[in-house]
Every structure is written in C-alpha cells, then in structure tokens.
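Residues in the sequence shown are numbered consecutively from 1, following the working numbering. Ideal Cβ positions, reconstructed from N, Cα and C, are used throughout, including at glycine. Computed from a predicted structure; not experimentally measured.
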Amino acid sequence: MKKINNFLKYITALGVCVLIRLLPWRVPNVEPIMGTLLPISKGFGYASGFLFGFISIIIFDSFTMFGVWTWVTAIAYGLVGLGGAWWLKNRKPSAKNFVAYSIVATLAYDFMTGPIMSSVVFKMSFMQTLIGQIPFTLWHLGGNIILAGVLSPILYKWVISNPEFSIQGAKNLLVSRSHAK
1 MKKINNFLKY
11 ITALGVCVLI
21 RLLPWRVPNV
31 EPIMGTLLPI
41 SKGFGYASGF
51 LFGFISIIIF
61 DSFTMFGVWT
71 WVTAIAYGLV
81 GLGGAWWLKN
91 RKPSAKNFVA
101 YSIVATLAYD
111 FMTGPIMSSV
121 VFKMSFMQTL
131 IGQIPFTLWH
141 LGGNIILAGV
151 LSPILYKWVI
161 SNPEFSIQGA
171 KNLLVSRSHA
181 K
C-alpha cells in the first residue's frame with residue numbers, strides 16, 4: 001500500500017511540475033524542477049530522484065520541442081535527482097539543505113549542459129557558450145534558490161512525508177464527509 005501512496009505523491013508532484021513549466025507567462029529559466037525534485041529525492045531515494053528529473057524533461061519536451069537536447073537535459077536532471085538523494089540522505093529536509101544542494105547542482109547542471117554539451121552538440125566554441133551561459137545561469141540559480149528554499153520544504157512536509165496525502169487518506173476523507181451529511 002505504501003508504494004501506491006508514494007506513486008500518488010510522485011505523480012502529483014510530476015504533474016504540477018510539468019504544468020507549471022507549460023505556463024506561457026513564467027520567467028524563462030525559473031522552473032520548478034529543482035524545487036520539486038529535491039523533496040522527491042529525499043523522500044523516495046535514488047531511483048525515484050533520477051526518474052523524476054529524467055521523466056519531467058521527457059514529458060515537457062514532448063509538448064514543446066523533443067530532440068537531441070531532450071536526452072542531454074533529461075540525463076543531466078536525472079543525475080541531479082540522484083545527487084539530491086545522496087546529499088539529502090542523512091540530512092534534515094530543511095530549506096537550508098535544499099538551498100545548499102540547489103546551488104551546487106544548478107551550477108554543475110548549467111556548466112555541463114551549457115558550455116560543455118553546447119560545444120559538443122552544437123559545435124559552438126567553449127568561450128562563446130560560457131559567456132552566453134552567465135545570464136541564463138543567474139536566472140536559473142535565483143529561481144532554484146527561491147524555490148528550493150520555499151517550495152521544497154512545503155512540498156516535503158505537506159505531500160511527501162504526509163501520511164494523509166494518500167489514497168487511504170482520500171478514502172478516509174470521503175467516508176468522513178459522507179457520514180457528516
């Protein structure tokens with residue numbers, strides 16, 4: 001039963017993450033993947049963390065633009081999820097720990113997917129991509145710090161570690177409401 005309840009939490013987090021990314025008015029490079037992925041990694045471990053990062057990119061790119069870059073970013077975010085599970089394994093699910101990891105992970109992710117992979121995939125010069133990456137990374141870093149500090153602890157407390165956020169919890173709520181009438 002626990003696996004089914006965790007699946008509900010996982011799918012909810014994944015759905016919210018993808019839907020927010022599909023909003024047309026959001027600021028570019030300020031996205032909820034990191035803020036959502038970290039509680040998943042903390043609560044459900046290595047495989048779930050990797051799959052969340054990987055699948056969130058695949059689903060989003062299926063609606064927008066699927067290509068070689070999809071695989072690069074999906075694997076990179078999968079690795080961020082894997083690292084998040086490792087980093088958070090023996091740490092409290094606090095804003096401080098979520099933010100600390102998000103800073104390191106964002107810088108590593110942007111360096112790997114920006115200057116390194118752009119040089120390989122798009123045959124651009126390393127310096128050109130490094131300089132072009134700076135404003136992108138500043139937006140990405142700012143958004144991830146805020147979301148890891150605010151969204152991650154809330155998501156962990158209200159969804160991931162909340163036993164009431166489950167199929168059984170929903171059944172109990174429905175039963176209690178039907179008895180109240």
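- If you draw a straight line from the Cα of residue 119 to the Cα of residue 75, it comes to about 17 Å.
- Look at residue 30 here: in three-state DSSP terms it is coil, with no helix or strand label.
- A buried status is given to residue 42, since no fewer than 16 other beta-carbon atoms sit within 10 Å of its beta-carbon.
- Within its own chain, the residues whose Cβ lies closer than 7 Å to the Cβ of residue 9, once the five positions on either side in sequence are excluded, are 159, 160, 165, listed in chain order.
- Within a 10 Å sphere around the beta-carbon of residue 33 sit 16 or more other beta-carbons, which makes this residue buried.
- Shown here, residue 7 sits in a helix according to DSSP, grouped into three states.
- Taking 3 residues as the minimum length, the segment 47-135 contains no beta strand (DSSP E) run wholly inside it.
- Within the model, the alpha-carbon separation for residue 140 versus residue 11 is close to 24 Å.
- Taking a cut-off of 8 Å for Cβ pairs, the segment 81-95 and the segment 22-31 do not touch, as fewer than three such pairs fall below it.
- Closest in alpha carbon position to residue 148, among 51, 25, 37, is 37.
- Nearest to residue 152 by alpha-carbon distance, out of 73, 96, 78, is 96.
- One thing to note: residue 56 has its Cβ no nearer than 8 Å to the Cβ of residue 104.
- Here the alpha carbons of residue 21 and residue 60 stand approximately 7 Å from one another.
- Judged by their CB atoms, residue 5 and residue 168 are nearer to each other than the 8 Å cut-off.
- Between the alpha carbons of residue 35 and residue 62 lies a distance of about 21 Å.
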